[in-house]
Amino acid sequence: MRRQALSVALQVSGLFLQTTEATETKSRSGHGLIGYGISMYPPPCAFACKDAVSAPLNCTADTAMDMSGHGGMSMKLKSRHHGEHDELEFPSGDGWKVVKTAPAACKAINDFWLQTVAHCVRTRCPDSSISQLEKFWETEALGHLVEQPVPKMSYSQALASIAVEPSRAMNKSVLLDYVGAVSDKDWTPIYNADVNFEEHEAGHSMFGLIVLLATAVLPIAMSLLRFLPWPTALVSRFHAYLIDPPLFGPHHSTPVFFGLGIMPTRGQALFIVYIWAVNIACSAAGYHPIWPHSWYASTYVEVTTYVSNRVGILSFANLPVTILFSGRNNPLLWVTDWSHSTFLLVHRWVAFICMAQAVIHSIAYLYLYLEPDRDHTAESQKPYWYWGIIGTLGLSLMVPLSLQPIRARMYEAFLASHIVLAILALIGCFLHIFYRYEWQWGYENWVYTAAGVWIFDRLVRLARTARNGARRAFVTPIDNEYLRVDIPGVVATGHAYLHFPGVSRWKFWENHPFSVAGVSLGMDVESGSTAPKTMSDDAADEEKKTHQVAEAPAPQSSRGSSSSVAPPASSARLRPIGSTFFIRKSEGITDLLSRSASGSKGVSVLVESSYGPGATVLQEDPVMPTPEFPNVLCIAGGVGIAAILPILDTATTGLGRGSGSIKLYWGVRTMPLVHAVEDMLRLGDLGDQGVTDRCWGAVPVKLSVGERLDLKAVIESEVASNTGGTTVVVCGPAGMADEVRCIVSAVSRHGPVTRLVVHSFMW
Ligand SMILES: Cc1cc2nc3c(=O)[nH]c(=O)nc-3n(C[C@H](O)[C@H](O)[C@H](O)COP(=O)(O)OP(=O)(O)OC[C@H]3O[C@@H](n4cnc5c(N)ncnc54)[C@H](O)[C@@H]3O)c2cc1C
Ligand SMILES: *[C@@H]1O[C@H](CO)[C@@H](O)[C@H](O)[C@H]1NC(C)=O
Ligand SMILES: *[C@@H]1O[C@H](CO)[C@@H](O)[C@H](O)[C@H]1NC(C)=O
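Numbering of the sequence shown is given in full-length UniProt numbering, commencing with residue 1 and proceeding in unit increments.
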């Protein structure tokens with residue numbers, strides 16, 4: 001019994017040892033990318049020797065059959081001619097068999113093969129150290145398959161066992177029953193192939209890294225330029241000519257070409273051109289074919305293969321860039337002064353390039369395998385081939401399914417398909433590499449990086465949501481178009497993504513961006529004009545907690561508009577501190593929200609905050625008055641006022657304020673929204689003021705109710721009457737934003753210095 005148990009244990013541990021050994025032989029010593037931590041053929045002179053010695057061998061019966069069943073693990077094409085009939089030309093006997101293409105197990109114990117290779121290695125690799133060659137001998141000489149056998153003697157032993165210097169040449173069609181000398185004719189083409197292929201692979205890695213870094217680093221470099229002491233007038237003119245206006249025509253926020261696309265601004269266009277240039281240069285540079293070359297039928301095939309591999313790698317390198325630019329938590333947003341909508345726009349262009357590269361890679365390989373000497377049918381049945389197709393198809397489908405009309409009309413369907421296809425494409429790329437090369441060459445690192453960027457964004461989103469916890473939103477209809485939403489207990493700035501899991505069962509995963517209009521301190525419990533009259537127990541607890549917060553030295557919430565535009569009412573009557581949103585009813589979740597207009601209990605809400613400029617530490621606030629730009633002219637359209645209110649607050653408290661003028665022009669359809677905003681600001685009853693000329697604390701406000709503002713006249717006269725530069729901030733419908741963009745650019749080309757800040761509700 002005991003003995004049996006022991007032997008089982010030994011067998012099991014033996015199995016275990018064997019498998020660890022096997023994986024050790026299989027796994028490459030390096031990590032990283034080819035040329036950066038991974039070398040393919042260390043050293044190529046020795047690799048060429050073991051591949052050159054391909055003469056028929058006299059194998060023992062048990063080693064004569066290739067049992068590994070592994071193909072495609074190596075970069076190399078398998079021997080073009082090999083089939084059963086070849087074997088018939090060679091003799092076999094009792095317990096032995098001569099095989100044309102001997103399996104590794106046969107080579108491992110075949111003296112002549114080992115000695116011939118060892119001799120070749122010694123003569124061809126004069127510069128390699130013995131230890132490197134011994135390592136090659138142990139781990140690479142017989143391939144790097146899972147079942148790779150270890151040669152029965154070491155490299156030095158094999159060399160020592162050669163009795164006389166070989167004089168007879170190794171001949172590929174003659175049984176190797178002697179120690180052969182490998183001729184230049186046999187060795188050089190293989191050596192050329194190994195060296196040149198590896199050099200190109202290292203080039204692919206380098207160009208991939210260049211694409212990745214060039215696209216990610218330029219935004220940082222460009223936005224660091226703003227810290228240099230440029231003359232203000234020069235910067236203003238530069239922006240007016242080269243950055244702010246649309247590339248062509250008057251539209252940027254409003255889609256063009258029959259609603260099919262978005263016209264980039266000139267600044268965005270410059271970056272897009274740069275990205276194209278980098279990608280084209282990196283696809284085209286650094287090819288140097290060599291001849292004779294053992295793997296390819298011609299130099300043409302060789303170069304086509306390199307180009308195909310290059311664009312494949314560049315496509316991989318663009319995956320993380322694409323995902324990075326699309327994210328809400330893109331670290332580039334934190335260190336540059338570029339907007340989220342700029343990154344989203346560029347995301348679409350990088351994604352297109354990434355897709356195009358994948359398509360070129362696929363078509364080029366399809367073309368190569370349709371050549372008469374390649375077997376397309378066999379290849380196309382291999383998992384790596386069809387996973388590659390799945391990856392390319394996934395990327396290709398995403399492009400038409402993300403066109404502007406689809407995003408605008410079926411945003412949620414677009415988003416769902418986008419995420420599913422992106423995951424499918426990443427899995428496709430991943431398995432394409434896995435089935436082709438397992439983890440030998442580090443290509444998978446590109447896919448890992450892409451997945452890592454995505455996971456980072458999702459984790460930060462989760463953390464931002466979790467930090468605010470589950471909250472209740474109190475919805476107050478303003479009229480049949482607008483809603484006010486108060487979320488006690490959440491202090492946010494910029495914009496926040498709101499999830500309303502209770503509002504629709506089918507849309508529980510939807511979340512939409514809304515601007516934080518202000519901090520709601522002042523929902524008066526007695527008059528209860530905007531707030532529910534009764535508080536749940538839970539909200540009462542909240543009140544106790546937040547009272548302490550409210551009395552503590554003003555936290556970030558002082559950015560909220562209410563605190564400074566108007567002094568808060570007596571704090572004893574305040575509801576808990578929280579955030580207020582103004583929402584315009586649209587067709588989706590906002591419509592459902594208005595119908596579920598909550599009673600006293602509110603609806604449950606998850607708040608993912610805070611986003612937007614100023615919500616991060618590394619950026620200065622773009623609209624803070626400065627000595628050069630002491631004036632702020634705010635222009636709001638409809639519910640766009642939500643993004644403008646905090647700006648008014650910042651501007652009126654800003655240090656540079658002193659001399660400047662701060663004004664608001666607001667085009668709005670009806671008065672109820674105006675009253676709701678003033679109510680939030682706790683300005684008291686302004687009914688006696690004129691309808692069009694009002695005053696919010698220190699800020700003069702001009703309303704245009706039910707009719708369009710004459711933007712050109714307003715901007716030109718305001719900018720001209722100001723002393724010093726003016727920052728023009730606009731938030732409103734796309735058409736309004738575009739008009740302001742073009743007017744401000746035109747004004748600052750010749751007139752007084754201006755800065756333009758556009759807040760967009762449309763991505
Ligand atoms: C930074 C930012 C701040 C915003 N602030 C406000 C605000 O304070 N008040 C306000 O009323 N609206 C604001 N919006 C617009 C608001 O997000 C949309 O009106 C809302 O998503 C419409 O939802 P829906 O399901 O009711 O609309 P639908 O009628 O279903 O969709 C209308 C359109 O809104 C766009 N949209 C929907 N969801 C998103 C999303 N998650 N990301 C980008 N675009 C989307 C799509 O283009 C869609 O076609 C803001 C948008 C952005 C980007
Ligand atoms: C092959 O090797 C066996 C012994 O291992 C030997 O008997 C046989 O003659 C050899 N065949 C040839 C063709 O050399
Ligand atoms: C190899 O052997 C074959 C047949 O014996 C002969 O015809 C051929 O010339 C040899 N090749 C070389 C390069 O010696």
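Note that CB positions come from ideal geometry on N, CA and C, so glycine has one too.
Check your understanding: Are the beta-carbon atoms belonging to Val730 and Gly660 less than 9 Å from one another?
Key -> Locating residue 730 in the sequence shown gives position 730, where the first residue counts as 1. Locating residue 660 in the sequence shown gives position 660, where the first residue counts as 1. No, Cβ-Cβ distance for Val730 and Gly660 is not below 9 Å.
Review point. What three-state label does DSSP hand Phe248 in the structure shown?
Key: Translated into the one-based positions of the sequence shown, residue 248 becomes position 248. In this structure, Phe248 counts as coil in the three-state DSSP scheme.
Practice item. Could you check what DSSP says for Ser748 in three-state terms: helix, strand or coil? Key: The residue you call residue 748 lines up with position 748 of the sequence shown. Looking at Ser748 - three-state DSSP - the assignment turns out to be helix.
Exercise for review: From the DSSP output, in three-state form, read off Arg374 for me.
Suggested key: Numbered from 1 along the sequence shown, position 374 holds the residue referred to as residue 374. Correct three-state label for Arg374: coil.
Practice item. Determine the direct distance from the alpha carbon of Pro42 to that of residue 816, and round the result to whole angstroms. Key: Within the shown structure, residues of the chain are numbered from 1 to 763, placing residue 816 beyond reach of any answer.
Practice item. Return yes when the Cβ of Phe316 is within less than 9 Å of the Cβ of Tyr437, no when it is not. Key: The sequence position of residue 437 within the sequence shown is 437, counting from 1. The sequence position of residue 316 within the sequence shown is 316, counting from 1. Contact: no.
Check your understanding: DSSP state of Met762, grouped into three classes?
Key -> Here residue 762 refers to the residue found at position 762 when the sequence shown is read from its first residue. Coil, per DSSP.
Practice item. Would you tell me roughly how many angstroms separate the C-alpha atoms of Tyr306 and His200, rounded to the nearest one? Key: The residue you call residue 306 lines up with position 306 of the sequence shown. The residue you call residue 200 lines up with position 200 of the sequence shown. Distance between the alpha carbons of Tyr306 and His200 is about 7 Å.
Exercise for review: Run through the UniProt domain "Ferric oxidoreductase" (312 to 429) for me and flag every whole beta strand (DSSP E) of 3 or more residues, listed as ranges in chain order.
Suggested key: none
Check your understanding: Near Ile365, what residues of its chain come up, given a Cβ to Cβ distance below 6 Å and the 5 sequence neighbours on each side ignored?
Key -> Taking the first residue of the sequence shown as position 1, residue 365 is located at position 365. Just to set this straight, residue 365 is Tyr in the shown sequence, not Ile. Excluding sequence neighbours, Tyr365 sits near Ser308.
Check your understanding: Exposed or buried, which one is Phe430 when buried takes at least 16 other CB atoms within 10 Å?
Key -> Sequence index remark: in the sequence shown, residue 430 carries index 430 (1-based). Buried.
Check your understanding: When the Cα of Met206 is compared with those of Asp177, Tyr287, Met671, which residue comes out closest?
Key -> In the sequence shown, the residue the question calls residue 206 occupies position 206. Per the Cα distances, Tyr287.
Exercise for review: Pick out whichever of Lys712, Leu225, Val174, Cys634 has its Cα sitting closest to the Cα of Asp337.
Suggested key: Taking the sequence shown and counting its residues from 1, one reaches residue 337 at position 337. Of Lys712, Leu225, Val174, Cys634, the residue nearest in Cα terms is Leu225.
**Study point:** Where Ser129 sits in the DSSP three-state scheme
**Key:** Translated into positions along the sequence shown, residue 129 becomes position 129. In the structure shown, Ser129 sits in coil (DSSP, three-state: anything other than H, G, I, E or B).
Review point. Cα-Cα, which of Asn196, Ala102, Ser161 is closest to Val174?
Key: In the sequence shown, counting from the first residue as 1, residue 174 sits at position 174. Per the Cα distances, Ala102.
Exercise for review: Would you mind working out which of Ser610, Ile360, Ser298 sits nearest Leu462, comparing C-alpha positions?
Suggested key: As a first step, residue 462 must be located in the sequence shown, where it is residue number 462. The residue with the shortest Cα to Cα distance from Leu462 is Ser610.
Point to revise | Range of the contiguous alpha helix (DSSP H) that encloses Leu709 | key: For the purposes of this step, residue 709 is identified with residue 709 of the sequence shown, where counting begins at 1. Careful: Leu709 lies outside any alpha helix (DSSP H) and carries neither H nor E.
Review point. Are Val117 and Cys59 touching if we call contact CB-CB under 9 Å?
Key: Indexing the sequence shown from 1 puts residue 117 at position 117. Indexing the sequence shown from 1 puts residue 59 at position 59. Remark: C-beta atoms of Val117 and Cys59 do not approach each other more closely than 9 Å.
Check your understanding: When we look at the beta-carbon of Ile487 and count the other beta-carbons within 10 Å, is it buried (16 or more) or exposed?
Key -> To locate residue 487, count along the sequence shown from 1; it is residue 487. Buried.
Exercise for review: Could you tell me which residues DSSP puts in a beta bridge with Asn58?
Suggested key: Along the sequence shown, read from residue 1 onward, the residue named residue 58 stands at position 58. According to DSSP, which records beta bridges pairwise, Asn58 is partnered with Val98.
Check your understanding: Heavy atom of ligand 1 less than 8 Å from the Cβ of Pro733, yes or no?
Key -> In the sequence shown, the residue the question calls residue 733 occupies position 733. No; taking the cut-off as 8 Å, the Cβ of Pro733 has no heavy atom of ligand 1 nearer than that.
Review point. To which residues of the same chain is Ser7 closer than 7 Å at the C-beta, ignoring the five residues directly before and after it?
Key: Reading the sequence shown from its first residue, position 7 is the one you call residue 7. Because the pLDDT of Ser7 is 44, which lies under 50, any placement of that residue in the model is unreliable, and the number read from its coordinates should be weighed accordingly. None.
Review point. Where does the unbroken alpha helix (DSSP H) through Thr123 begin, and where does it stop?
Key: Numbered from 1 along the sequence shown, position 123 holds the residue referred to as residue 123. Note, Thr123: alpha helix (DSSP H), 111 to 124.
Exercise for review: Give every residue whose Cβ lies closer than 6 Å to any heavy atom of ligand 3, listed in chain order.
Suggested key: The set of residues with CB atoms less than 6 Å from any heavy atom of ligand 3 reads, in chain order, Ala169, Asn171, Ser173, Val174.
**Study point:** Met96: CB within 8 Å of a non-hydrogen atom of ligand 2
**Key:** Taking the sequence shown and counting its residues from 1, one reaches residue 96 at position 96. Contrary to the premise, residue 96 reads as Trp rather than Met in this sequence. Yes, ligand 2 has a heavy atom inside 8 Å of this Cβ.
Check your understanding: Where His759 and Tyr448 are concerned, what is the direct C-alpha to C-alpha distance, given to the nearest angstrom?
Key -> Residue mapping note: residue 759 aligns to position 759 of the sequence shown, counting from 1. Residue mapping note: residue 448 aligns to position 448 of the sequence shown, counting from 1. Taking the straight line joining both Cα atoms gives about 34 Å.
Check your understanding: At a cut of 8 Å, does the stretch 354 to 371 reach the stretch 487 to 497 through at least three beta carbon pairs?
Key -> no
Exercise for review: Taking 8 Å as the threshold, find out whether the stretch 396 to 408 comes into contact with the stretch 376 to 384 through three or more Cβ pairs.
Suggested key: Output reads no: the stretch 376 to 384 does not touch the stretch 396 to 408.
Practice item. Could you tell me if the beta carbon of Pro91 falls within a distance shorter than 8 Å of some heavy atom in ligand 2? Key: Translated into positions along the sequence shown, residue 91 becomes position 91. Yes, the Cβ of Pro91 comes within 8 Å of a heavy atom of ligand 2.
Practice item. Check whether the Cβ of Met355 sits closer than 8 Å to any heavy atom of ligand 1, and report yes or no. Key: Looking up residue 355 in the sequence shown gives position 355. Answer for Met355: no, Cβ out of range of ligand 1.
Practice item. Confirm the yes/no value for this check: CB of Thr60, any heavy atom of ligand 5, distance under 8 Å. Key: Although ligand 5 was asked about, the structure shown includes only ligand 1, ligand 2 and ligand 3 as ligands.
Check your understanding: Does the stretch 179 to 196 come close enough to the stretch 50 to 59 that 3 or more CB-CB pairs lie under 8 Å?
Key -> yes
Review point. Is it a yes or a no for the stretch 256 to 272 touching the stretch 227 to 246, going by three-plus beta-carbon pairs under 8 Å?
Key: yes
Exercise for review: For the stretch 154 to 172 and the stretch 272 to 289, state whether three or more C-beta atom pairs, one from each stretch, are separated by less than 8 Å.
Suggested key: no
Review point. Using the C-alpha atoms, what's the distance from Ser183 back to Pro189?
Key: On the sequence shown, position 189 is the one that residue 189 refers to. On the sequence shown, position 183 is the one that residue 183 refers to. Approximately 11 Å between the Cα atoms of the pair.
Practice item. Can you tell me which of the three DSSP states His31 falls into? Key: The sequence position of residue 31 within the sequence shown is 31, counting from 1. Looking at His31 - three-state DSSP - the assignment turns out to be coil, as it is neither helix nor strand.
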